[in-house]
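Participant: If you count the sequence shown from 1, you need to add 110 to reach this note's numbering.
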Amino acid sequence: MLLDVQNLHVSFATRRGKAAVVRGVGFSLDAGETLGVVGESGSGKSVTGSAILRILPRTASIDEGAILFEDRDIAHAAEKDLRGVRGPGIGMVFQDPLASLNPYLTIGTQIEEGLRLHRGLSRRAARTAALAELAAVGLPDPEGKIDSYPHEFSGGQRQRIVIASALVLRPKLLIADEPTTALDVTIQAQILDLFRARQKELGTAMILVTHNLGVAATLCDRILVMYAGMILENGPCEEILLRPAHPYTAALKKSIPAGEPGGRLFSIPGAPPAPGSAPEGCPFAPRCAFAGKGCAKFSQLREVAPGHATQCGKVLAGEIAQEVLS
Ligand SMILES: Nc1ncnc2c1ncn2[C@@H]1O[C@H](COP(=O)(O)OP(=O)(O)OP(=O)(O)O)[C@@H](O)[C@H]1O
Ligand SMILES: [Mg+2]
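(1) List in chain order the residues whose CB is within less than 5 Å of at least one heavy atom of ligand 1.
(2) So I366 packs on I285, CB below 8 Å; how close in whole Å?
(3) Rounded to whole angstroms, what is the Cα-Cα separation between I341 and T238?
(4) Using the DSSP secondary-structure output, state which residues sit across from N344 in a beta bridge.
(5) Hey, how far is the Cα of L166 from the Cα of K424?
(6) List, from N- to C-terminal side, the alpha helix (DSSP H) runs of 4 residues or more that fit wholly inside the stretch 247-292.
(7) Consult DSSP for G324 and reduce its assignment to one of helix, strand or coil.
(8) How about L334 and V147: are their beta carbons less than 7 Å apart?
(9) Per DSSP, which residues does M316 bridge with? Please list them.
(10) Where are the alpha helix (DSSP H) runs, 4 residues long or more, that stay fully inside the stretch 141-196, in chain order?
(11) Classify G417: buried if its beta carbon has 16 or more other beta carbons within 10 angstroms, exposed otherwise.
(12) Here's the rule: buried if 16 or more other CB atoms are within 10 angstroms of the residue's CB, otherwise exposed. What is Q269?
(13) Could you work out which residue in I317, A236 and A415 is closest to T219 when comparing CA atoms only?
(14) Which residue from I172, S409, Y259 and K310 puts its Cα closest to that of Y214?
(15) In angstroms with no decimal places, state the Cα-to-Cα distance between F376 and D251.
(16) Figure out for me which residue from E143, V132 and G134 has the closest Cα to the Cα of A326.
(17) Please look up how many angstroms separate the CB atoms of G152 and P382, rounded, as I've assumed it's under 8 Å.
(18) When the distance is taken between beta carbons, is A355 closer than 7 Å to G428?
(19) Please look up how many angstroms separate the CB atoms of A315 and L279, rounded, as I've assumed it's under 8 Å.
(20) For Q116 and A176, which I take to be in contact (beta-carbon distance under 8 Å), what is that distance rounded to the nearest angstrom?
(21) Answer yes if the stretch 128-144 comes into contact with the stretch 307-321, meaning at least three C-beta pairs across the two stretches below 8 Å, and no otherwise.
(22) Keeping to the same chain, check which residues put their C-beta closer than 6 Å to that of S409; ignore five residues upstream and five downstream.
(23) Does the beta-carbon of R308 have 16 or more other beta-carbons within 10 angstroms, so that it is buried, or is it exposed?
(24) Using a Cβ cut-off of 7 Å (strictly closer), state whether A176 contacts chain C.
(25) To the nearest angstrom, how far is the alpha carbon of A338 from that of I256?
(26) At the level of alpha carbons, what is the spacing between R196 and I184?
(27) Go to V425, then tell me how far its alpha helix (DSSP H) extends in each direction, as first and last residue.
(28) Can you tell me which of the three DSSP states D303 falls into?
(29) For the putative contact between T359 and E343, defined by C-beta atoms under 8 Å, what is the C-beta separation to the nearest angstrom?
(30) Are at least three pairs of beta-carbons, each pair with one atom in the stretch 124-136 and one in the stretch 289-306, less than 8 Å apart?
(31) Assuming A292 and G265 make a contact with CB atoms under 8 Å, what is their CB distance in whole Å?
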């Protein structure tokens, strides 16, 4: 097992006290596996990813739980002990490539610096590796472009450069948080293809954070559905899409645009609870057409098929989900 997140609780300090935004999240990931983390805005996807990278804002704290990366708990490790983790252990790619690139340094310098620092390569070896990686991510004319600055590239090219600078260190795990959201649709598809290809070649495990279940479905082996800081469902990608076992997952699936022109878009009525104000019990219950008395009590995740678990306490959760879909 590469990563094992156990009962993770993260909160933010606010003027009105602590607001819990990740509430008991647990999952694990094997080497080379791809996990999609999906859910509406504010569900705690990015905070979960940032906690694993230990790049949470100062106002946030990990209150409980463990994050075992290669059997070492990094949830509470000292900053100096994280140096070998971030970068060479766990790489990261975010929505806005400009935020990850230094505007004052050429892309070559940035990629080579990482290699010299984390892999101890000589200047010349670092340049060779950087050129090879830029070619591998499909940047046109790497030799001619390696001494250019970030602003000299298009958005899609910049994201390729960010992916190259993460993958060139050969991390065991890549956390990609909405890596294609800022790009237009055709470029999005190209970048998703790139992830798929490079991941296969390198065997990198990946956590793909996205609000788009369709995007997760194209890349992921397993999908984890988050809502109000909790996991509502977790399972193999196909199972989640074909046999969802939580009404929320079904509603999310229903809101993926089917692509036909003029097709009606479904959106889930209501809004997720604000941090700190989720109801007792199933957090989705107030928006769930099938909620009943039992939903006021929180149900633990239970298996409905091998490796497929739902938090929905209804015995007929699967049938209910199908009804939401229809
Ligand atoms: N710096 C912060 N200070 C206070 N609260 C925060 C901060 N960052 C996030 N939160 C809160 O934590 C909760 C989870 O946020 P998070 O960014 O993880 O959501 P998300 O699922 O990634 O949503 P999105 O799809 O919009 O990116 C939200 O309610 C958000 O308001
Ligand atoms: Mg986010």
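Even for Gly, the Cβ is constructed at its ideal location relative to N, Cα and C. What you are looking at is a predicted structure, and each value in this text was computed from that prediction instead of being measured.
Facilitator: In short, the structure shows the following:
(1) F122, V131, S151, G152, S153, G154, K155, S156, V157, P167, H321 and P385
(2) Here residue 366 refers to the residue found at position 256 when the sequence shown is read from its first residue. Here residue 285 refers to the residue found at position 175 when the sequence shown is read from its first residue. That pair is no contact at about 23 Å.
(3) Numbered from 1 along the sequence shown, position 231 holds the residue referred to as residue 341. Numbered from 1 along the sequence shown, position 128 holds the residue referred to as residue 238. Whole-angstrom Cα-Cα distance: 43 Å.
(4) If you number the sequence shown from 1, residue 344 lands on position 234. N344 pairs with L334 and A419.
(5) Residue mapping note: residue 166 aligns to position 56 of the sequence shown, counting from 1. Residue mapping note: residue 424 aligns to position 314 of the sequence shown, counting from 1. About 35 Å.
(6) 252-255 and 265-277
(7) Translated into positions along the sequence shown, residue 324 becomes position 214. Helix, per DSSP.
(8) Residue mapping note: residue 334 aligns to position 224 of the sequence shown, counting from 1. Residue mapping note: residue 147 aligns to position 37 of the sequence shown, counting from 1. The answer is yes: Cβ separation under 7 Å.
(9) By 1-based counting over the sequence shown, the position of residue 316 is 206. Answer is T144 and L284, bridged to M316.
(10) 155-163
(11) Here residue 417 corresponds to residue number 307 of the sequence shown, with the count starting at 1. So G417 ends up on the exposed side.
(12) Here residue 269 refers to the residue found at position 159 of the sequence shown. Q269 is buried by the Cβ-count criterion.
(13) To locate residue 219, count along the sequence shown from 1; it is residue 109. Comparing Cα-Cα distances from T219 to each of I317, A236 and A415, the minimum goes to A236.
(14) For this step, residue 214 is matched to residue 104 along the sequence shown. Taking only the C-alpha atoms, the option nearest Y214 is Y259.
(15) On the sequence shown, position 266 is the one that residue 376 refers to. On the sequence shown, position 141 is the one that residue 251 refers to. About 43 Å.
(16) In the sequence shown, the residue the question calls residue 326 occupies position 216. Per the Cα distances, E143.
(17) Along the sequence shown, one-based indexing puts residue 152 at 42. Along the sequence shown, one-based indexing puts residue 382 at 272. Between P382 and G152 the Cβ distance is about 6 Å, and since that is below 8 Å, they are a contact.
(18) As a first step, residue 428 is located in the sequence shown; it is residue number 318 there, counting from the start. As a first step, residue 355 is located in the sequence shown; it is residue number 245 there, counting from the start. In contact: G428 and A355 (Cβ atoms closer than 7 Å).
(19) Here residue 315 corresponds to residue number 205 of the sequence shown, with the count starting at 1. Here residue 279 corresponds to residue number 169 of the sequence shown, with the count starting at 1. Not a contact, Cβ separation roughly 14 Å.
(20) Against the sequence shown, residue 116 aligns to sequence position 6. Against the sequence shown, residue 176 aligns to sequence position 66. With 8 Å as the limit, Q116 and A176 qualify as a contact, their Cβ atoms being about 5 Å apart.
(21) yes
(22) On the sequence shown, position 299 is the one that residue 409 refers to. Closer than 6 Å at the Cβ level, and outside the excluded window around S409, lie Q421 and G423.
(23) Indexing the sequence shown from 1 puts residue 308 at position 198. Buried is the call here.
(24) As a matter of chain content, chain C is missing from the structure shown, which is built from one protein chain.
(25) Position 228 of the sequence shown, counted from the start, is the residue given in the question as residue 338. Position 146 of the sequence shown, counted from the start, is the residue given in the question as residue 256. Roughly 43 Å separates the two Cα atoms.
(26) To locate residue 196, count along the sequence shown from 1; it is residue 86. To locate residue 184, count along the sequence shown from 1; it is residue 74. Spanning the two alpha carbons is a distance of roughly 11 Å.
(27) Here residue 425 is taken as the residue at index 315 of the sequence shown, counted from 1. Run containing V425: none; DSSP gives neither H nor E here.
(28) Sequence index remark: in the sequence shown, residue 303 carries index 193 (1-based). In this structure, D303 counts as helix in the three-state DSSP scheme.
(29) Within the sequence shown, the letter at position 249 stands for residue 359. Within the sequence shown, the letter at position 233 stands for residue 343. Going by Cβ atoms, the distance from T359 to E343 rounds to 5 Å, so yes, they are a contact pair.
(30) no
(31) Along the sequence shown, one-based indexing puts residue 292 at 182. Along the sequence shown, one-based indexing puts residue 265 at 155. Indeed, because the Cβ distance is near 7 Å, the residues count as touching under 8 Å.
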